[in-house]
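Residues 1200 to 1434 in the working numbering are what the sequence shown spells out, letter by letter.
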Amino acid sequence: MSTPHNKAEKGEIAKTVLMPGDPLRAQFIAENYLEDVVCFNTVRNMLGYTGTYQGKKVSVMGHGMGMPSIGIYSYELYEQYDVEEIIRIGSAGALADDVDVMDIVIAMGASTNSNYASQYKLPGILAPIADYSLLRKAVAIAEEMKYPVKVGNVLSSDTFYTDDKTFNDAWKKMHVLAIEMEAAALYYNAARLGKKALCILTISDHLYTHKELSSKERQTGFRQMMEIALKTAIS
């Protein structure tokens, strides 16, 4: 049942998978939050683990950087391994004035400059959006835990470095909250395959104020995001 990118066998991966970009963050979650952990993938060092969280089976696996990478891994999880829900947990750079470092942004929608959706040959533009049931649960959990959370549109960009000096201003004027690089492809895959997806982000830096998290603050902030995602996964 293995694929060129995943050596897991059918049944070794839970129905809900948390996906950070960094495989070492997947390892951190497995070692610090899950019990009875089994590593199901080491291909290309894209580490994947299955364990239990508060008695319920959950998997966590890295997805790499950019839409082509998460597009491959999420598609295989949905299509080859019968995964029903994927929750991306990552970092983002803030655009909006009312979003600060350490805030948690939940992506209701994911605008993009990517050509990823061209494969579907649609007669228009499909807006890639989160699954509402996951979104509603995550927001409620964040508010209950009193973690600072914003909900809205993010940008999934194909470029980290760009020659276009007006790029950030153009998206900010449309009230996009933050920029990341993967959510749109995840949401498109989920839509195409009839699955569920959500992207939860921690603001690591602000593209206008130039504030950024220290290493210690990143650890604390990312833990908040991880806890929201884990509780959403089992609720």
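The beta-carbon is built from N, C-alpha and C at its ideal position, and this holds for glycine as well.
Handout entry: Nearest-angstrom Cα separation, counted from residue 1404 out to residue 1367
Key = The residue given as residue 1367 occupies position 168 in the sequence shown. The residue given as residue 1404 occupies position 205 in the sequence shown. If you take the alpha carbons of residue 1367 and residue 1404, they lie about 14 Å apart.
Handout entry: Presumed contact (8 Å Cβ cut-off) between residue 1376 and residue 1352, rounded CB distance
Key = Looking up residue 1376 in the sequence shown gives position 177. Looking up residue 1352 in the sequence shown gives position 153. Confirmed, about 6 Å.
Problem - Segment contact flag, the stretch 1328 to 1337 with the stretch 1410 to 1425, C-beta cutoff 8 Å, min 3 pairs - result: The way I'd put it, the stretch 1328 to 1337 doesn't touch the stretch 1410 to 1425; fewer than three beta-carbon pairs between them come closer than 8 Å.
Exercise for the section: Grab me the residues of residue 1406's own chain with a C-beta within less than 8 Å of its C-beta, minus the 5 sequence neighbours each way, in chain order. Expected result: If you number the sequence shown from 1, residue 1406 lands on position 207. Cβ neighbours of residue 1406 beyond the five flanking positions: 1292, 1293, 1294, 1367, 1378.
Problem - One or two residues paired with residue 1365 in a DSSP bridge - result: For the purposes of this step, residue 1365 is taken as the residue at position 166 of the sequence shown. In the DSSP secondary-structure assignment, residue 1365 is not bridged to any residue.
Exercise for the section: For the beta strand (DSSP E) containing residue 1248, list its first residue and its last residue. Expected result: The sequence position of residue 1248 within the sequence shown is 49, counting from 1. Unbroken beta strand (DSSP E) run through residue 1248: 1247 to 1252.
Problem - Secondary structure of residue 1334, DSSP reduced to three states - result: Along the sequence shown, read from residue 1 onward, the residue named residue 1334 stands at position 135. In this structure, residue 1334 counts as helix in the three-state DSSP scheme.
Handout entry: Proximity of residue 1325 and residue 1397 at Cβ, strictly below 7 Å
Key = Looking up residue 1325 in the sequence shown gives position 126. Looking up residue 1397 in the sequence shown gives position 198. Inclusion of residue 1325 and residue 1397 in the CB contact set at 7 Å is not warranted, their separation being larger than that value.
Practice task
Using the Cα positions of residue 1300 and residue 1261, report the straight-line distance between them to the nearest angstrom.
Solution key: As a working note, residue 1300 is residue 101 in the sequence shown. As a working note, residue 1261 is residue 62 in the sequence shown. So the alpha carbons of these two residues sit roughly 23 Å apart.
Exercise for the section: Inspect the CB distances between the stretch 1239 to 1257 and the stretch 1208 to 1218 and report whether three or more fall short of 8 Å. Expected result: Touching, yes.
Problem - Own chain partners of residue 1240 with C-beta closer than 7 Å, once the 5 adjacent residues on each side are dropped - result: Translated into positions along the sequence shown, residue 1240 becomes position 41. If we look at residue 1240 and ignore the five residues flanking it on each side, its Cβ neighbours are 1205, 1206, 1207, 1246, 1247, 1260.
Handout entry: Per-residue DSSP class, three states only, for residue 1421
Key = Locating residue 1421 in the sequence shown gives position 222, counting from the first residue. In the structure shown, residue 1421 sits in a helix (DSSP, three-state: H, G or I).
Practice task
Compare the beta carbon distance of residue 1356 and residue 1382 with 7 Å and say whether it is the shorter of the two.
Solution key: Start at 1 with the first residue of the sequence shown, and residue 1356 comes out as number 157. Start at 1 with the first residue of the sequence shown, and residue 1382 comes out as number 183. Taking 7 Å as the cut-off, the Cβ atoms of residue 1356 and residue 1382 do not count as close.
Handout entry: Of the residues 1202, 1278, 1217, the one placed nearest residue 1243, counting alpha carbons only
Key = Looking up residue 1243 in the sequence shown gives position 44. Checking every option, the nearest Cα to that of residue 1243 belongs to 1202.
Exercise for the section: List the DSSP bridge partners of residue 1404. Expected result: As a first step, residue 1404 is located in the sequence shown; it is residue number 205 there, counting from the start. Partner(s): 1292, 1411.
Handout entry: Identity of the residue in 1360, 1365, 1288 nearest residue 1223 by Cα
Key = As a first step, residue 1223 must be located in the sequence shown, where it is residue number 24. For the set 1360, 1365, 1288, the Cα lying nearest the Cα of residue 1223 is the one of 1288.
Exercise for the section: Could you round the C-beta distance between residue 1433 and residue 1255 to whole angstroms and report it? I think they count as a contact, below 8 Å. Expected result: Here residue 1433 is taken as the residue at index 234 of the sequence shown, counted from 1. Here residue 1255 is taken as the residue at index 56 of the sequence shown, counted from 1. Distance from residue 1433 to residue 1255 at the Cβ level is roughly 4 Å; contact confirmed, criterion being Cβ atoms closer than 8 Å.
Exercise for the section: Return yes when the Cβ of residue 1387 is within less than 7 Å of the Cβ of residue 1171, no when it is not. Expected result: There is simply no residue 1171 to check, as the chain begins at 1200 and stops at 1434 in what is shown.
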